[in-house]
Every structure is written in structure tokens, then in C-alpha cells.
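Novice: Have a look at this one before I ask anything.
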Amino acid sequence: YQIAPVLFKPTLTTGEQTFRTTREGALSYFVGGNPKYPNDGGFALKGWRESKIENAAIFLHGETATTTGNVILTDKAGNVTKVDKTWTFLKDADGNLRIMAHHSSLPYVPAAPVTEAEVLAAQKGWGDGLVSISKAYDERGFDAAKAAAEAVIDGAYGYQ
Numbered sequence: 295y296q297i298a299p300v301l302f303k304p305t306l307t308t309g310e311q312t313f314r315t316t317r318e319g320a321l322s323y324f325v326g327g328n329p330k331y332p333n334d335g336g337f338a339l340k341g342w343r344e345s346k347i348e349n350a351a352i353f354l355h356g357e358t359a360t361t362t363g364n365v366i367l368t369d370k371a372g373n374v375t376k377v378d379k380t381w382t383f384l385k386d387a388d389g390n391l392r393i394m395a396h397h398s399s400l401p402y403v404p405a406a407p408v409t410e411a412e413v414l415a416a417q418k419g420w421g422d423g424l425v426s427i428s429k430a431y432d433e434r435g436f437d438a439a440k441a442a443a444e445a446v447i448d449g450a451y452g453y454q
């Protein structure tokens with residue numbers, strides 16, 4: 295039923311094989327087993343037992359519709375995965391609604407905020423490190439102090 299190019303960005307794809315614009319690519323994402331897509335493990339084979347759609351909005355326009363929201367998937371162990379989705383649908387010549395664009399991603403999870411306890415621990419670690427550098431110098435000389443300083447710097451600072 296090739297109406298037009300299908301724009302499919304699956305949830306768990308990266309690199310050169312991120313986008314699936316062919317039926318073959320979509321099939322590989324769902325069930326794997328295609329040597330052209332060696333990173334595909336089969337997203338549909340993960341033991342899903344329930345799929346729930348939660349639309350945040352639906353836009354209807356003539357023969358097309360676009361939705362955005364979440365899909366909540368539950369696997370056989372009861373683990374829940376929430377996926378952000380945007381779909382565009384188009385009616386084909388026979389009146390069947392077909393997915394023409396499908397973007398899927400895991401929701402953004404921000405890093406946990408820094409706590410005061412973490413700051414105090416980092417400061418204590420820096421101070422203890424400074425003392426260890428001095429002790430290394432007093433007991434074993436410059437080379438030992440330099441090695442201790444490198445360990446402190448590598449552990450405490452954000453140098454690359």
C-alpha cells in the first residue's frame with residue numbers, strides 16, 4: 295500500500311539505522327532477525343502483555359490526523375515502560391487509516407538535583423585528599439605526593 299514515504303523513528307534505535315523508511319526496516323525493528331539491522335533485538339518480542347494509549351492531543355484535518363501522547367507498555371513481569379509517541383495517519387484510497395509518520399522516544403528523565411549532603415561529602419573528600427597529598431609528600435616524597443594529587447584531581451574535578 296505504498297501511499298508515500300513512511301517516516302518512522304522507533305524508540306530504541308541509534309546511529310545510521312535510527313530511521314525506518316522501508317517496510318523491511320520496520321519489520322526488523324519489531325521482530326529482529328535481519329542481518330542488515332544487527333542492533334535490532336525485536337522490540338515487539340519483549341514480552342509485552344498490555345498496551346495503553348494516552349493521547350495528550352488529537353489534530354484532525356481532512357484525510358489526516360496527528361496525535362501526540364504516551365503509550366504505556368506492561369511486560370509479562372509487570373514492568374511498565376512509558377514511551378512518548380507522535381503519529382500522523384492518512385486515509386488510503388480504500389478508506390483505511392495508515393500510519394505515515396511515527397516518532398517514538400523514551401521520556402526525558404532529568405538528573406537528580408544536587409543535595410547539600412552530596413556537596414558536604416564532596417568538600418570533605420577534597421579536604422581529605424589535600425591532607426593525603428601532604429602526608430604522601432612527608433612520608434614518601436614528591437613522586438608519591440604527585441601520584442596522590444593526580445588521584446584527588448581525577449576524583450574531585452571535572453577535567454576531561
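According to the numbering used here, the stretch in the sequence shown is residues 295 to 454, in order.
A virtual CB, placed ideally from N, CA and C, is assigned to each residue, including glycine.
The structure displayed is predicted, hence computed values, not measured ones.
Could you check if Trp381 is buried or exposed, using at least 16 other CB atoms within 10 Å of its CB as the buried criterion?
Specialist: buried
Novice: Tell me the rounded alpha-carbon separation between Ile415 and Glu318.
Specialist: The sequence as given places Ala at residue 415; Ile does not occur at that position. Cα to Cα, Ala415 sits roughly 53 Å from Glu318.
Novice: With three or more C-beta pairs closer than 8 Å as the rule, is the stretch 400-409 touching the stretch 311-328?
Specialist: As far as the Cβ criterion goes, the stretch 311-328 does not touch the stretch 400-409, which means the pair count is below three.
Novice: Just the Cα atoms here: how many angstroms apart are Val374 and Leu367?
Specialist: Note on geometry: alpha-carbon atoms of Val374 and Leu367 lie some 6 Å from one another.
Novice: Check whether chain C comes within 8 Å of Pro299, counting only Cβ atoms and requiring the distance to be less than that.
Specialist: Here chain C cannot be found, since the structure has a single protein chain.
Novice: In terms of residue numbering, what span does the alpha helix (DSSP H) encompassing Gly423 cover?
Specialist: Glu410 to Arg434
Novice: Do three or more CB pairs link the stretch 321-332 to the stretch 350-358 at distances below 8 Å?
Specialist: no
Novice: Going straight from the alpha carbon of Lys379 to that of Ala430, what length do you get?
Specialist: 57 Å
Novice: I need the straight-line Cα distance from Tyr295 to Ala371, nearest angstrom please.
Specialist: At Tyr295, the pLDDT of 47 sits below 50, so the modelled position is not reliable; the number obtained from the coordinates is stated separately. Using only the alpha carbons, I get a separation of about 37 Å.
Novice: In the DSSP assignment, what are the bridge partners of Gly363?
Specialist: Asn349 and Lys379
Novice: Straight-line CA distance for Glu310 to Ala406?
Specialist: The straight-line gap from Cα to Cα measures roughly 31 Å.
Novice: For Lys340, which option in Asp386, Leu306, Glu348 and Ser428 has the closest C-alpha, if you only look at C-alpha atoms?
Specialist: Scanning Asp386, Leu306, Glu348 and Ser428 for the CA closest to the CA of Lys340 turns up Leu306.
Novice: Per DSSP, which one or two residues make a beta bridge with Leu391?
Specialist: Lys385
Novice: Is Phe353 buried or exposed, if buried means 16 or more other CB atoms sit within 10 Å of its CB?
Specialist: Phe353 comes out exposed.
Novice: With 16 other CB atoms within 10 Å as the buried threshold, where does Val425 fall?
Specialist: exposed
Novice: Smallest Cα separation from His396: which of Val413, Thr362 and Thr409?
Specialist: Thr362
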